[in-house]
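Structure first, commentary second.
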Amino acid sequence: MAPLDAALGWDDDTTAETYAAFTRDFPMYGVTSRDLARRASLTGNSLVVDLCGGAGATAKSILDLVPMHAHVISLDNAAAMQRAGRRVLTDPRLTWGTAPAEKLADHVPDPADAVVCNSAIWKTNVPVVFSAVHQVLRPGGRFVFNIGGGFAGVRHPDEVAQRTGQSLNALIHQAAASDYGYTPPPATEAAPKLPLEAITEHLSTAGMTLVGSEIVAQHSTMAEKKAWLSIPVFARPEGEFSHTQRMEILHKAYSLTKPDAPTVTSWLVVVAQRPTEER
Ligand SMILES: C[S@@+](CC[C@H](N)C(=O)[O-])C[C@H]1O[C@@H](n2cnc3c(N)ncnc32)[C@H](O)[C@@H]1O
Numbered sequence: 040m041a042p043l044d045a046a047l048g049w050d051d052d053t054t055a056e057t058y059a060a061f062t063r064d065f066p067m068y069g070v071t072s073r074d075l076a077r078r079a080s081l082t083g084n085s086l087v088v089d090l091c092g093g094a095g096a097t098a099k100s101i102l103d104l105v106p107m108h109a110h111v112i113s114l115d116n117a118a119a120m121q122r123a124g125r126r127v128l129t130d131p132r133l134t135w136g137t138a139p140a141e142k143l144a145d146h147v148p149d150p151a152d153a154v155v156c157n158s159a160i161w162k163t164n165v166p167v168v169f170s171a172v173h174q175v176l177r178p179g180g181r182f183v184f185n186i187g188g189g190f191a192g193v194r195h196p197d198e199v200a201q202r203t204g205q206s207l208n209a210l211i212h213q214a215a216a217s218d219y220g221y222t223p224p225p226a227t228e229a230a231p232k233l234p235l236e237a238i239t240e241h242l243s244t245a246g247m248t249l250v251g252s253e254i255v256a257q258h259s260t261m262a263e264k265k266a267w268l269s270i271p272v273f274a275r276p277e278g279e280f281s282h283t284q285r286m287e288i289l290h291k292a293y294s295l296t297k298p299d300a301p302t303v304t305s306w307l308v309v310v311a312q313r314p315t316e317e318r
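For our numbering, count along the sequence shown from 1 and bump the result up by 39.
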C-alpha cells in the first residue's frame, strides 16, 4: 500500500490524531503557522480564512493575532482532521467548514480580509483555488501561503550548509532494501511542481498580485523528523508496506542517527494580494 498522502489519506482518525498530537508536541506546524499569520497583517481584520486548516494549528496562530470581534473560518476536506481539532480548539470566534479548498467561495459568506494556507497549497488544484481565493477576498485583502522547498524547487542556504551524513529518508531506503529487498525508484531530477514563476502566473490569471516571497529555513532535529515520518500520511517508503513495517524500518533508520542532530527544512513563503483597484 502506498503512503496515505499519495491517496489523500487525511480523512482517517489515526492519521488525524497522530497529526494533531505532532502539532502540539513539536514546533514545525506552529512555527510555520505563526510565520504566515504574522505576514498576513491580521491585527485589524474581521474575517480570516484558514484554508486547508486540518486540525487547527494555523487557526490557533490566526486567533492569537485577530481582534476579539473577528471571525475565523477553518476549511478542510478531511472531517477526521477537524474532529481532532475541535476537541482541543474551542474558541467561539472559530467556525469549522468541511469542504474542498476548490469550493471555498461556497463557504465564505462575506468578503474576507485574509486567506492563510499552511503546508497544503500544492496538494490542491492551484488555478481553481487561486480563483476562489480572489473571489472571497476583499480588495486589498491578503493571501499568504507556503510551499515545501522540494515542491517549489528552492533550498535555503542553511539546508545546503547543514548537509552532513545521510538523511533519515536515505537511511529508510537502506533499511527497507536490506530487510525487505526494497528497490527505491530511480533518483530522477523531477521538475518542481510549483516554482515561483508558476505561482506568479497563476496569481496573475486569478487577478491577484505578488506582494513578496521569501525562502525561509525551519531548523529542527532528527527527533522531530522521526515523529513527522510516524504520521501515517507521511510514512515511507512508498510501495507495498504495512504501517507497522514502515515503523520498523523507521526505527532501524533512526537508530543510526542522533536524536538531537540538527535538520533544516526549506520553505518558499508567498504573500499575495487582491488589488485595491481592479481593471
Ligand atoms: C499538512 S496538513 C496542514 C494543516 C494545517 N494547515 C496545519 O498547518 O496544521 C494538510 C491539510 O490539507 C488538507 N487538504 C489537502 N488538499 C485539500 C483540498 N483540496 N481541500 C481542502 N483541504 C485539503 C488535508 O486534509 C490536510 O488537513
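Backbone N, C-alpha and C define an ideal beta-carbon position, used for all residues, glycine too. All values derive from a computational prediction rather than experimental measurement.
Open item on the list: Quick check: Asp145 and Val308, are their CB atoms within less than 8 Å of each other?
Closed with: Here residue 145 corresponds to residue number 106 of the sequence shown, with the count starting at 1. Here residue 308 corresponds to residue number 269 of the sequence shown, with the count starting at 1. Going by C-beta atoms, Asp145 is not nearer than 8 Å to Val308.
Task: Contained alpha helix (DSSP H) runs [length at least 4] in the segment 244-286, N- to C-terminal order - done: As far as the segment 244-286 is concerned, its whole alpha helix (DSSP H) runs of at least 4 residues are 261-268.
Open item on the list: Quick check: does the Cβ of Tyr293 come within less than 7 Å of any heavy atom belonging to ligand 1?
Closed with: Position 254 of the sequence shown, counted from the first residue, corresponds to residue 293. Not under cutoff, so the answer is no.
Task: Best match in Ser294, Gly189, Trp306, Met247 for proximity to Glu228 [C-alpha to C-alpha] - done: Position 189 of the sequence shown, counted from the first residue, corresponds to residue 228. Selected option, being the one with the closest Cα: Gly189.
Open item on the list: Considering only heavy atoms of ligand 1, does any lie closer than 7 Å to the CB of Ser72?
Closed with: Position 33 of the sequence shown holds residue 72. Yes, ligand 1 has a heavy atom inside 7 Å of this Cβ.
Task: Ala45 - DSSP class collapsed to helix/strand/coil - done: As a first step, residue 45 must be located in the sequence shown, where it is residue number 6. Low confidence applies to Ala45: its pLDDT is 41, below 50, so where it sits in the model is not reliable, and the reading given next is rough at best. Three-state result, Ala45: helix.
Open item on the list: Just to confirm before moving on: does the CB-CB distance between Ile282 and Pro166 stay below 8 Å?
Closed with: If you number the sequence shown from 1, residue 282 lands on position 243. If you number the sequence shown from 1, residue 166 lands on position 127. One point to set straight first is that residue 282 is His, not Ile, in the sequence displayed. No, these two residues do not count as a Cβ contact at 8 Å.
Open item on the list: Within a Cβ cutoff of 7 Å, which residues of the same chain sit near Gly192, ignoring the five residues on either side of it in sequence?
Closed with: Reading the sequence shown from its first residue, position 153 is the one you call residue 192. Correct list, in chain order: Pro231, Pro234.
- [ ] Check whether the Cβ atoms of Val303 and Asp197 sit closer than 8 Å, and answer yes or no.
- [x] Taking the first residue of the sequence shown as position 1, residue 303 is located at position 264. Taking the first residue of the sequence shown as position 1, residue 197 is located at position 158. Against a cut-off of 8 Å, the Cβ pair of Asp197 and Val303 comes out as a contact.
Task: Alpha-carbon to alpha-carbon, Gly93 and Thr137 - done: Counting from 1 along the sequence shown, the entry for residue 137 is found at position 98. Counting from 1 along the sequence shown, the entry for residue 93 is found at position 54. So the two alpha carbons sit approximately 10 Å from each other.
Task: DSSP state of Gly93 mapped onto helix, strand, coil - done: Reading the sequence shown from its first residue, position 54 is the one you call residue 93. Coil at Gly93, not helix or strand.
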